[in-house]
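This report refers to the structure that appears directly beneath it.
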(Lines of atoms letter the chains of each structure in order from A and count residues from 1; the text may use other names and numbers.)
(Lines give C-alpha, C1' and ligand atoms only; values in the text may rest on other atoms or scores of the structure.)
Protein backbone atom coordinates (compact mmCIF):
# COMPACT_ATOMS: atom_id res chain seq x y z
CA UNK A 1 0.00 0.00 0.00
CA UNK A 2 1.34 3.43 -0.89
CA UNK A 3 1.95 5.67 2.09
CA UNK A 4 -1.11 7.82 2.74
CA UNK A 5 -0.50 11.43 3.73
CA UNK A 6 -2.99 12.38 6.40
CA UNK A 7 -3.48 15.96 7.47
CA UNK A 8 -1.74 15.78 10.83
CA UNK A 9 -2.74 17.87 13.85
CA UNK A 10 0.22 17.56 16.20
CA UNK A 11 -0.97 16.95 19.75
CA UNK A 12 2.16 17.48 21.89
CA UNK A 13 0.98 20.81 23.35
CA UNK A 14 -1.29 19.02 25.76
CA UNK A 15 -0.88 18.55 29.50
CA UNK A 16 -1.25 14.80 29.04
CA UNK A 17 2.44 14.96 28.03
CA UNK A 18 5.13 15.68 30.63
CA UNK A 19 6.96 18.24 28.50
CA UNK A 20 3.80 20.29 28.07
CA UNK A 21 2.89 19.95 31.76
CA UNK A 22 6.32 21.20 32.77
CA UNK A 23 6.09 24.11 30.36
CA UNK A 24 2.69 25.08 31.72
CA UNK A 25 3.75 24.76 35.37
CA UNK A 26 6.62 27.16 34.74
CA UNK A 27 4.74 29.27 32.17
CA UNK A 28 7.77 28.50 30.03
CA UNK A 29 6.99 30.04 26.67
CA UNK A 30 10.28 28.80 25.22
CA UNK A 31 9.24 25.25 26.08
CA UNK A 32 6.06 25.67 24.04
CA UNK A 33 8.04 27.14 21.18
CA UNK A 34 10.30 24.08 21.19
CA UNK A 35 7.29 21.75 21.06
CA UNK A 36 5.83 23.78 18.19
CA UNK A 37 9.06 23.71 16.18
CA UNK A 38 9.59 20.01 16.86
CA UNK A 39 6.17 19.12 15.47
CA UNK A 40 6.58 21.40 12.47
CA UNK A 41 9.90 19.73 11.66
CA UNK A 42 8.24 16.31 11.91
CA UNK A 43 5.62 17.20 9.32
CA UNK A 44 2.60 18.40 11.30
CA UNK A 45 0.07 20.48 9.36
CA UNK A 46 -1.62 22.04 12.42
CA UNK A 47 -0.69 22.35 16.09
CA UNK A 48 -3.25 21.43 18.71
CA UNK A 49 -3.28 23.91 21.61
CA UNK A 50 -4.68 22.34 24.76
CA UNK A 51 -3.53 23.69 28.13
CA UNK A 52 -6.47 22.27 30.06
CA UNK A 53 -6.49 19.99 33.09
CA UNK A 54 -5.70 16.28 32.78
CA UNK A 55 -5.53 13.40 35.22
CA UNK A 56 -1.99 14.52 36.05
CA UNK A 57 -2.59 18.23 36.65
CA UNK A 58 -5.36 20.57 37.74
CA UNK A 59 -5.76 23.81 35.77
CA UNK A 60 -8.20 26.63 36.44
CA UNK A 61 -9.94 28.36 33.56
CA UNK A 62 -8.69 31.73 34.81
CA UNK A 63 -5.10 30.49 34.59
CA UNK A 64 -5.60 29.39 31.00
CA UNK A 65 -7.24 32.66 30.01
CA UNK A 66 -4.41 34.71 31.48
CA UNK A 67 -1.74 32.63 29.69
CA UNK A 68 -3.29 32.39 26.21
CA UNK A 69 -2.45 36.01 25.20
CA UNK A 70 1.21 35.24 25.86
CA UNK A 71 1.59 31.70 24.59
CA UNK A 72 -0.34 31.98 21.30
CA UNK A 73 1.79 34.81 19.80
CA UNK A 74 4.92 33.05 21.06
CA UNK A 75 4.02 29.81 19.27
CA UNK A 76 3.04 31.63 16.10
CA UNK A 77 6.30 33.57 16.17
CA UNK A 78 8.36 30.42 15.58
CA UNK A 79 6.18 28.39 13.20
CA UNK A 80 3.94 29.09 10.20
CA UNK A 81 1.52 26.33 11.16
CA UNK A 82 -2.07 27.25 12.02
CA UNK A 83 -3.44 26.25 15.41
CA UNK A 84 -6.20 23.87 16.42
CA UNK A 85 -7.67 25.56 19.48
CA UNK A 86 -8.79 22.75 21.75
CA UNK A 87 -11.10 23.32 24.71
CA UNK A 88 -14.80 22.95 25.61
CA UNK A 89 -14.96 26.50 27.06
CA UNK A 90 -16.43 29.37 25.03
CA UNK A 91 -14.29 31.83 26.98
CA UNK A 92 -11.12 29.93 26.09
CA UNK A 93 -11.97 30.18 22.39
CA UNK A 94 -12.89 33.84 22.62
CA UNK A 95 -9.53 34.76 24.15
CA UNK A 96 -7.54 32.44 21.89
CA UNK A 97 -9.15 33.66 18.68
CA UNK A 98 -8.73 37.28 19.72
CA UNK A 99 -4.96 36.77 20.01
CA UNK A 100 -4.56 34.50 16.99
CA UNK A 101 -2.62 35.79 13.96
CA UNK A 102 -4.84 34.99 11.00
CA UNK A 103 -1.96 35.48 8.55
CA UNK A 104 -0.76 32.01 9.61
CA UNK A 105 -3.91 30.47 8.13
CA UNK A 106 -7.41 29.70 9.35
CA UNK A 107 -7.49 28.10 12.82
CA UNK A 108 -9.53 25.06 13.76
CA UNK A 109 -12.05 25.39 16.57
CA UNK A 110 -11.95 22.11 18.50
CA UNK A 111 -14.75 21.30 19.13
CA UNK A 112 -18.53 21.40 18.89
CA UNK A 113 -20.59 18.64 20.51
CA UNK A 114 -24.14 18.01 21.63
CA UNK A 115 -23.06 18.35 25.26
CA UNK A 116 -21.30 21.71 24.88
CA UNK A 117 -22.54 24.49 27.09
CA UNK A 118 -23.30 27.72 25.22
CA UNK A 119 -23.24 25.85 21.92
CA UNK A 120 -24.85 28.74 20.06
CA UNK A 121 -22.01 31.04 21.12
CA UNK A 122 -19.46 28.52 19.91
CA UNK A 123 -21.13 28.44 16.51
CA UNK A 124 -21.14 32.24 16.44
CA UNK A 125 -17.36 32.20 16.99
CA UNK A 126 -16.94 29.82 14.05
CA UNK A 127 -18.78 32.32 11.87
CA UNK A 128 -17.17 35.47 13.28
CA UNK A 129 -13.59 34.21 12.96
CA UNK A 130 -14.16 32.12 9.83
CA UNK A 131 -12.62 28.99 11.34
CA UNK A 132 -12.54 25.38 10.40
CA UNK A 133 -14.36 23.36 13.03
CA UNK A 134 -14.21 19.89 14.55
CA UNK A 135 -17.53 18.27 15.42
CA UNK A 136 -17.65 15.48 18.01
CA UNK A 137 -20.27 13.23 16.44
CA UNK A 138 -19.97 10.53 19.11
CA UNK A 139 -22.65 12.38 21.11
CA UNK A 140 -26.28 12.99 20.20
CA UNK A 141 -29.19 14.98 21.52
CA UNK A 142 -31.59 12.79 23.51
CA UNK A 143 -34.95 13.24 25.19
CA UNK A 144 -33.29 14.01 28.53
CA UNK A 145 -30.22 15.90 27.37
CA UNK A 146 -27.31 14.31 25.53
CA UNK A 147 -26.07 10.76 25.31
CA UNK A 148 -23.33 8.71 23.70
CA UNK A 149 -23.94 7.32 20.23
CA UNK A 150 -24.01 3.52 20.36
CA UNK A 151 -24.79 2.85 16.70
CA UNK A 152 -23.11 4.03 13.48
CA UNK A 153 -26.41 5.46 12.27
CA UNK A 154 -26.52 7.72 15.34
CA UNK A 155 -23.00 9.04 14.64
CA UNK A 156 -23.95 9.66 11.02
CA UNK A 157 -27.12 11.47 12.08
CA UNK A 158 -25.21 13.61 14.59
CA UNK A 159 -22.67 14.54 11.92
CA UNK A 160 -25.41 15.45 9.47
CA UNK A 161 -27.23 17.53 12.08
CA UNK A 162 -24.14 19.62 12.79
CA UNK A 163 -23.22 20.01 9.12
CA UNK A 164 -26.70 21.40 8.44
CA UNK A 165 -26.53 23.60 11.56
CA UNK A 166 -23.13 25.01 10.60
CA UNK A 167 -24.23 25.66 7.03
CA UNK A 168 -27.27 27.58 8.24
CA UNK A 169 -25.84 29.46 11.21
CA UNK A 170 -22.14 29.84 10.37
CA UNK A 171 -22.09 29.67 6.57
CA UNK A 172 -19.69 26.72 6.73
CA UNK A 173 -19.21 24.68 3.59
CA UNK A 174 -18.55 20.97 4.04
CA UNK A 175 -14.82 21.34 3.41
CA UNK A 176 -14.53 23.55 6.51
CA UNK A 177 -16.01 20.87 8.78
CA UNK A 178 -14.05 18.01 10.37
CA UNK A 179 -16.10 15.18 11.85
CA UNK A 180 -14.73 13.16 14.77
CA UNK A 181 -16.79 9.96 15.12
CA UNK A 182 -14.98 9.05 18.34
CA UNK A 183 -12.25 6.54 19.09
CA UNK A 184 -12.18 4.31 22.16
CA UNK A 185 -9.16 2.53 23.68
CA UNK A 186 -9.19 -0.79 21.86
CA UNK A 187 -7.92 -2.71 24.88
CA UNK A 188 -11.01 -1.79 26.91
CA UNK A 189 -13.58 -1.62 24.12
CA UNK A 190 -16.23 -4.14 25.12
CA UNK A 191 -19.05 -2.05 23.62
CA UNK A 192 -17.94 -2.16 19.99
CA UNK A 193 -17.09 1.55 19.92
CA UNK A 194 -14.11 1.19 17.57
CA UNK A 195 -16.30 -0.61 15.03
CA UNK A 196 -19.04 1.97 15.49
CA UNK A 197 -16.59 4.73 14.59
CA UNK A 198 -15.26 2.93 11.52
CA UNK A 199 -18.74 2.02 10.30
CA UNK A 200 -19.88 5.60 10.84
CA UNK A 201 -17.00 6.86 8.69
CA UNK A 202 -18.21 4.65 5.85
CA UNK A 203 -21.78 5.93 6.22
CA UNK A 204 -20.57 9.53 6.18
CA UNK A 205 -18.47 8.92 3.07
CA UNK A 206 -21.46 7.33 1.33
CA UNK A 207 -23.78 10.29 2.04
CA UNK A 208 -23.84 12.77 -0.87
CA UNK A 209 -25.01 15.53 1.49
CA UNK A 210 -21.77 15.13 3.45
CA UNK A 211 -19.44 15.06 0.47
CA UNK A 212 -16.30 17.06 1.19
CA UNK A 213 -16.36 16.89 4.98
CA UNK A 214 -13.18 15.73 6.67
CA UNK A 215 -12.85 12.91 9.19
CA UNK A 216 -10.51 12.84 12.18
CA UNK A 217 -9.82 10.93 15.39
CA UNK A 218 -7.69 11.47 18.47
CA UNK A 219 -5.24 8.69 17.66
CA UNK A 220 -3.48 8.50 21.04
CA UNK A 221 -6.74 7.24 22.60
CA UNK A 222 -6.63 4.03 20.59
CA UNK A 223 -3.69 2.16 22.10
CA UNK A 224 -4.07 3.54 25.64
CA UNK A 225 -3.59 0.77 28.19
CA UNK A 226 -1.80 -1.63 25.84
CA UNK A 227 1.89 -2.58 26.27
CA UNK A 228 4.29 0.16 25.22
CA UNK A 229 6.11 -2.08 22.76
CA UNK A 230 3.05 -2.32 20.52
CA UNK A 231 1.33 1.04 20.86
CA UNK A 232 2.89 2.73 17.86
CA UNK A 233 2.18 -0.16 15.50
CA UNK A 234 -1.34 -0.56 16.89
CA UNK A 235 -2.03 3.09 16.15
CA UNK A 236 -0.60 2.74 12.67
CA UNK A 237 -2.62 -0.43 12.05
CA UNK A 238 -5.77 1.40 13.07
CA UNK A 239 -4.87 4.19 10.64
CA UNK A 240 -4.69 1.61 7.85
CA UNK A 241 -8.25 0.52 8.57
CA UNK A 242 -9.53 4.05 9.16
CA UNK A 243 -8.00 5.52 6.02
CA UNK A 244 -9.74 2.73 4.13
CA UNK A 245 -12.99 3.92 5.71
CA UNK A 246 -12.38 7.55 4.72
CA UNK A 247 -10.20 9.12 7.44
CA UNK A 248 -8.15 12.07 6.15
CA UNK A 249 -7.14 13.93 9.37
CA UNK A 250 -5.62 12.69 12.62
CA UNK A 251 -4.82 14.36 15.94
CA UNK A 252 -1.64 12.52 16.85
CA UNK A 253 1.90 12.60 18.17
CA UNK A 254 4.22 13.37 15.22
CA UNK A 255 7.07 11.61 17.03
CA UNK A 256 5.24 8.27 16.73
CA UNK A 257 5.24 7.91 12.91
CA UNK A 258 1.47 8.39 12.52
CA UNK A 259 1.20 6.88 9.04
CA UNK A 260 -0.70 3.73 8.04
CA UNK A 261 1.03 0.37 7.99
CA UNK A 262 0.88 -1.68 4.78
CA UNK A 263 -2.46 -3.48 4.49
CA UNK A 264 -0.72 -6.87 4.54
CA UNK A 265 1.23 -6.14 7.73
CA UNK A 266 0.57 -8.89 10.32
CA UNK A 267 -0.61 -6.42 12.97
CA UNK A 268 -3.12 -4.90 10.53
CA UNK A 269 -4.46 -8.35 9.75
CA UNK A 270 -4.64 -9.30 13.43
CA UNK A 271 -6.34 -6.04 14.36
CA UNK A 272 -8.89 -6.49 11.60
CA UNK A 273 -9.57 -10.00 12.91
CA UNK A 274 -9.88 -8.76 16.50
CA UNK A 275 -12.41 -6.11 15.51
CA UNK A 276 -14.43 -8.66 13.56
CA UNK A 277 -14.55 -10.71 16.75
CA UNK A 278 -16.25 -7.71 18.35
CA UNK A 279 -19.26 -7.91 16.04
CA UNK A 280 -22.14 -9.84 17.65
CA UNK A 281 -23.43 -12.92 15.90
CA UNK A 282 -27.13 -13.70 15.60
CA UNK A 283 -28.72 -13.69 19.05
CA UNK A 284 -25.46 -12.68 20.70
CA UNK A 285 -25.03 -9.69 22.99
CA UNK A 286 -22.56 -6.90 22.30
CA UNK A 287 -21.02 -7.62 25.69
CA UNK A 288 -20.20 -11.20 24.71
CA UNK A 289 -18.73 -10.09 21.39
CA UNK A 290 -16.86 -7.28 23.12
CA UNK A 291 -15.11 -9.63 25.51
CA UNK A 292 -14.20 -11.86 22.58
CA UNK A 293 -12.68 -8.82 20.89
CA UNK A 294 -10.75 -7.97 24.06
CA UNK A 295 -9.32 -11.49 24.17
CA UNK A 296 -8.25 -11.19 20.53
CA UNK A 297 -6.54 -7.87 21.25
CA UNK A 298 -4.71 -9.44 24.19
CA UNK A 299 -3.57 -12.26 21.93
CA UNK A 300 -2.40 -9.72 19.35
CA UNK A 301 -0.30 -7.97 21.99
CA UNK A 302 1.12 -11.27 23.21
CA UNK A 303 2.10 -12.33 19.68
CA UNK A 304 3.86 -9.01 19.08
CA UNK A 305 5.87 -9.08 22.32
CA UNK A 306 9.64 -8.89 21.88
CA UNK A 307 11.57 -12.02 22.78
CA UNK A 308 13.03 -10.52 25.95
CA UNK A 309 9.74 -9.09 27.25
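Residue numbers (this note's numbering): 13 to 321. Don't be surprised by glycine CBs; every beta carbon is placed ideally from N, CA and C. Here the structure is a predicted model, which means the values were calculated and not measured.
Under the assumption that residue 177 contacts residue 137 (Cβ atoms under 8 Å), give the Cβ distance between them as a whole number of angstroms. Numbered from 1 along the chain shown, position 165 holds the residue referred to as residue 177. Numbered from 1 along the chain shown, position 125 holds the residue referred to as residue 137. Residue 177 to residue 137, Cβ: 14 Å. No contact.
DSSP beta-bridge partners of residue 21: Walking along the chain shown from the start, residue 21 turns up at place 9. DSSP lists 58 and 263 as partners of residue 21.
Cα-Cα separation, residue 102 to residue 243: Residue mapping note: residue 102 aligns to position 90 of the chain shown, counting from 1. Residue mapping note: residue 243 aligns to position 231 of the chain shown, counting from 1. Using only the alpha carbons, I get a separation of about 34 Å.
Taking the beta strand (DSSP E) that residue 69 belongs to, which residues open and close that run? Counted from its first residue, the chain shown places residue 69 at position 57. No beta strand (DSSP E) contains residue 69, which DSSP labels as neither H nor E.
Is the beta carbon of residue 231 sitting closer than 8 Å to the one on residue 279? Numbered from its first residue, the chain shown carries residue 231 at position 219. Numbered from its first residue, the chain shown carries residue 279 at position 267. In this structure, residue 279 does not lie closer than 8 Å to residue 231 by Cβ.
So what's residue 226 in DSSP terms, helix, strand or just coil? Locating residue 226 in the chain shown gives position 214, where the first residue counts as 1. If DSSP states are grouped into helix, strand and coil, residue 226 belongs with the strands.
What residue range is occupied by the uninterrupted alpha helix (DSSP H) comprising residue 167? Within the chain shown, the letter at position 155 stands for residue 167. It spans 164-182 - the alpha helix (DSSP H) in which residue 167 sits, taken as one unbroken run.
Going by C-alpha distance, which of 294, 263 and 309 is nearest residue 98? Taking the chain shown and counting its residues from 1, one reaches residue 98 at position 86. Per the Cα distances, 263.
Taking the alpha-carbon positions, what's the residue 297 to residue 121 distance? Translated into the one-based positions of the chain shown, residue 297 becomes position 285. Translated into the one-based positions of the chain shown, residue 121 becomes position 109. Cα to Cα, residue 297 sits roughly 38 Å from residue 121.
Less than 8 Å between the CB atoms is what I'm expecting for residue 118 and residue 144, so what's the real figure, rounded? Along the chain shown, one-based indexing puts residue 118 at 106. Along the chain shown, one-based indexing puts residue 144 at 132. Right, the Cβ-Cβ distance comes to about 6 Å (below 8 Å), so this counts as a contact.
Kindly list the residues whose CB is nearer than 6 Å to the CB of residue 323, restricted to its own chain and excluding five residues on each side of it in sequence; keep chain order. Since the first and last residues shown for the chain are 13 and 321, residue 323 lies out of range.
Whole angstroms is fine: what's the gap from residue 186's alpha carbon to residue 314's? Within the chain shown, residue 186 is the residue found at index 174, counting from 1. Within the chain shown, residue 314 is the residue found at index 302, counting from 1. Cα to Cα, the separation comes out at about 42 Å.
Buried or exposed: which applies to residue 123, given that a residue is buried once 16 or more other Cβ atoms fall within 10 Å of its Cβ? On the chain shown, residue 123 is found 111 positions in, with the first residue counted as 1. It is buried - the Cβ of residue 123 has at least 16 other Cβ atoms within 10 Å.
In the structure shown, what three-state DSSP assignment does residue 125 receive? Translated into positions along the chain shown, residue 125 becomes position 113. Residue 125 falls in the strand class under three-state DSSP.
Sub-8 Å separation of residue 169 and residue 148 beta-carbons: Numbered from its first residue, the chain shown carries residue 169 at position 157. Numbered from its first residue, the chain shown carries residue 148 at position 136. The answer is no: Cβ separation not under 8 Å.
For residue 305, is the classification buried or exposed, using 16 other Cβ atoms within 10 angstroms of its Cβ as the cut-off for buried? To locate residue 305, count along the chain shown from 1; it is residue 293. Buried, by the Cβ-count rule.
Select from 211, 200 and 88 the residue whose C-alpha is nearest the C-alpha of residue 233. Taking the first residue of the chain shown as 1, we reach residue 233 at position 221. The shortest C-alpha separation from residue 233 is found at 200.
Can you tell me which of 79, 54 and 21 puts its alpha carbon nearest to the alpha carbon of residue 37? Counted from its first residue, the chain shown places residue 37 at position 25. Checking every option, the nearest Cα to that of residue 37 belongs to 79.
Can you tell me whether residue 158 is helix, strand or coil according to DSSP? The residue labelled residue 158 in the question sits at position 146 within the chain shown. Residue state, collapsed to three classes: strand.
With H, G and I counted as helix, E and B as strand and the rest as coil, what does DSSP make of residue 99? On the chain shown, residue 99 is found 87 positions in, with the first residue counted as 1. Three-state DSSP puts residue 99 in coil, outside helix and strand.
Report the option in 18, 95 and 107 whose CA atom is closest to the CA atom of residue 114. Translated into positions along the chain shown, residue 114 becomes position 102. Per the Cα distances, 95.
Consult DSSP for residue 287 and reduce its assignment to one of helix, strand or coil. Numbered from its first residue, the chain shown carries residue 287 at position 275. If DSSP states are grouped into helix, strand and coil, residue 287 belongs with the helices.
Can you tell me which of 156, 47 and 20 puts its alpha carbon nearest to the alpha carbon of residue 27? Taking the first residue of the chain shown as 1, we reach residue 27 at position 15. For residue 27, the nearest C-alpha among the options comes from 47.
Tell me whether the beta-carbon of residue 227 lies closer than 8 Å to the beta-carbon of residue 261. Taking the chain shown and counting its residues from 1, one reaches residue 227 at position 215. Taking the chain shown and counting its residues from 1, one reaches residue 261 at position 249. Against a cut-off of 8 Å, the Cβ pair of residue 261 and residue 227 comes out as a contact.
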